[in-house]
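Below: the structure, in structure tokens.
Numbering (full-length UniProt numbering), first residue to last: 1 to 366.
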């Protein structure tokens, strides 16, 4: 038998070092690209589990559901304009995502009963995160608040449009006011070139609007208290990266899709800026991972499909194979057993294409 488990996997250290925790938010708290697995390679050259349904049938099922999700997201993006009604985005893709979960769990249950407990973590999609208690740092929107407080009082309860106002910071606001508060529709351009155009309420970006960062990153979507909150689209033309999905307090939170210029794509659940829950990660070479994520890394139970036909279904830890799993090669070879950090270790069964079988213990791949 082959004595080594496949070693290729996402660069976890690079993923953890990525500082991106949301869009290029107007608060100026972050100026790095979206959190991702940079330069990710195949996590394994995996196999499908024992008893998993026909490969062609499962692939067709996945392609259909993924196409449907993509169509839903494209529809949401197409109708998302400042003058259109807001799309019902919170449910986009959730019905098909739950279908994926059922399909995913059905396959995993056939591997080994000991894997079933790990599969539970990958079926939880709508995670309600705790409220972010960290104090927000100063944002673009807050730079002019002190000057606004010191302006002569202009009592009013009606929206009115005034001539463009130039702040001491160099920012220019052109839009509607109520008294001394930016309120209604307006555009503000800061001295460094950053711009917000959209709805305001009580001096805060609130409602629907678009923010263009000075480095070219853009966010178009829903806002609450100066934060990206709700459904929105973040993109960066130079890096050819984008995120379409749900946000909470300037962080990716809920269901979303991240895409990068070289063809890498993640679709699934996010919690407070991290990939967390069930997700599908696709590499440029068309290899895919379907399964559980935690803390922005592959953790839990999942299935990997290599572009050369090899498959693995089983347990993962920190983006490497770890625990029980089933690894199958296109030529019919199969290994079922224990892994420790991507290496066969512990009890396992190796089966050759001609039916010969080794059943016993392994020590660091041998």
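The C-beta atom is built at its ideal place from N, Cα and C for all residues, glycine as well.
Provide the residue(s) that pair with residue i in DSSP beta bridges, ordered along the chain.
| i | result |
| --- | --- |
| residue 220 | 210 and 233 |
| residue 241 | 236 |
| residue 324 | 338 |
| residue 253 | DSSP lists no partner for residue 253. |
| residue 317 | 320 |
| residue 195 | 189 and 212 |
| residue 365 | In the DSSP output, where bridge partners are listed per residue, residue 365 has none listed. |
| residue 176 | 161 |
| residue 200 | 184 and 205 |
| residue 258 | 243 and 266 |
| residue 171 | Bridge partners of residue 171: none, in fact. |
| residue 292 | 278 |
| residue 304 | 289 and 312 |
| residue 248 | 251 |
| residue 359 | 349 |
Any idea if residue i is buried or exposed, counting beta-carbon neighbours within 10 angstroms, 16 or more meaning buried?
| i | result |
| --- | --- |
| residue 275 | buried |
| residue 357 | exposed |
| residue 195 | buried |
| residue 145 | exposed |
| residue 115 | Legend: pLDDT at residue 115 = 34, less than 50; position of this residue unreliable, no value from coordinates given. |
| residue 153 | exposed |
| residue 250 | buried |
| residue 338 | buried |
| residue 264 | buried |
| residue 203 | buried |
| residue 215 | exposed |
| residue 371 | Outside the modelled stretch of the chain, which goes from 1 to 366, sits residue 371, for which no answer is possible. |
| residue 359 | exposed |
| residue 267 | buried |
| residue 259 | buried |
| residue 248 | buried |
| residue 163 | exposed |
| residue 208 | buried |
| residue 246 | buried |
| residue 310 | buried |
| residue 313 | buried |
| residue 166 | exposed |
Work out the CA separation of residue j and residue i for me, nearest whole Å.
| i | j | result |
| --- | --- | --- |
| residue 327 | residue 237 | 39 Å |
| residue 88 | residue 364 | Residue confidence is low: residue 88 scores 33 on pLDDT, short of 50, so the model does not pin down where it sits. Its coordinate-derived value is still stated next. For residue 88 and residue 364, the distance between alpha carbons rounds to 51 Å. |
| residue 362 | residue 285 | 31 Å |
| residue 232 | residue 324 | 39 Å |
| residue 347 | residue 335 | 11 Å |
| residue 331 | residue 257 | 34 Å |
| residue 297 | residue 319 | 6 Å |
| residue 219 | residue 353 | 53 Å |
| residue 148 | residue 157 | 17 Å |
| residue 210 | residue 198 | 6 Å |
| residue 366 | residue 288 | 28 Å |
| residue 228 | residue 350 | 51 Å |
| residue 367 | residue 235 | What the structure shows of the chain is the stretch from 1 to 366, and residue 367 is not part of that stretch, so it cannot be assessed. |
| residue 155 | residue 273 | 41 Å |
| residue 343 | residue 321 | 8 Å |
Write down the C-beta distance between residue i and residue j rounded to the nearest angstrom, noting that I regard them as a contact closer than 8 Å.
| i | j | result |
| --- | --- | --- |
| residue 294 | residue 300 | 6 Å |
| residue 221 | residue 200 | About 15 Å; that fails the 8 Å criterion. |
| residue 278 | residue 205 | Rounded, the Cβ-Cβ distance is 32 Å, inconsistent with contact. |
| residue 169 | residue 226 | Going by Cβ atoms, the distance from residue 169 to residue 226 rounds to 16 Å, so no, they are not a contact pair. |
| residue 175 | residue 186 | 2 Å |
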